[in-house]
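Mapping of the sequence shown onto UniProt numbering: residues 1 to 161, in sequence order.
The structure appears right after this line, and notes come after that.
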Amino acid sequence: MARMSLTTVATREIIFDVEGYTVTKLMSDGRGYFESDKFTVGGYDWAVRYYPERGGVYVAVTLVLLSGLNEADAAGGQQQGGGVGVRFACALQDKNGERPPERCRSASHVFSGCGHEWGFWKYTTHDVLDDPDFLVGDCFTLVCTVSVLRKPRFCVVDVAA
């Protein structure tokens, strides 16, 4: 019996340490963000953005596509309208290195092109981040996982033969 996979997924985990949390809150105007270093998953360049002040009490964590779509993804397939399918997960790590399930968020999205940003605009509140279980030395850690669905290969079979 032969095995084959119709789809493949490329996955990468990113550790995003936010140092100087108090200063990031004070400097924020509600629109500003701090961006991770660029990383590559599934042939695309990405960054994670941390917004320290979204609507007063919320902290946002988003994913942004930094490169253009390849020809196959731009032509369609993922959702018939083109784009690259991604699963984005983000977990707040506690002082013991654990990731409590109630502090984990994940969802899927189709990114349509360079600059497309999407994520958790109400990821958590400042009350949670101020908890000494998560804030250690004015620093907290986000562990983000990005999984990119690669295009399946399609074959046309002549069933009339």
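By construction, the Cβ of each residue, glycine as well, lies at the ideal position given by its N, Cα and C atoms.
Where residue i falls, given that 16 or more other Cβ within 10 Å makes a residue buried
i           : result
residue 106 : exposed
residue 227 : In the structure as shown, the chain begins at 1 and stops at 161. Residue 227 is therefore absent and cannot be evaluated.
residue 127 : exposed
residue 79  : Its pLDDT being 43, under 50, residue 79 is placed unreliably in this model, and the value from its coordinates should be taken loosely. It is exposed - the Cβ of residue 79 has fewer than 16 other Cβ atoms within 10 Å.
residue 84  : buried
residue 31  : exposed
Nearest residue (CA-CA) to residue i, options the options
i           : options             : result
residue 144 : 96, 136, 112 and 87 : 87
residue 108 : 147, 124 and 139    : 147
residue 9   : 23, 26, 43 and 22   : 43
residue 63  : 12, 55, 74 and 71   : 12
residue 150 : 123, 74 and 104     : 74
residue 92  : 54, 131, 112 and 67 : 131
residue 68  : 140, 133 and 111    : 111
residue 124 : 71, 57, 47 and 65   : 57
residue 140 : 122, 30, 83 and 103 : 103
residue 41  : 113, 31, 65 and 135 : 65
residue 70  : 7, 22, 114 and 138  : 114
Flag this pair as touching only if the region 4-22 and the region 106-119 have three or more C-beta atom pairs under 8 angstroms; answer yes or no. no
Contained beta strand (DSSP E) runs [length at least 3] in the UniProt domain "MATH" (11-146), N- to C-terminal order: Annotation: the UniProt domain "MATH" (11-146) contains the following complete segments of the beta strand (DSSP E) (minimum length 3 residues), in chain order: 39-41, 44-54, 58-65, 84-93, 104-111 and 117-125.
Should the region 26-37 be called in touch with the region 96-104, which here means at least 3 C-beta pairs below 8 angstroms? no
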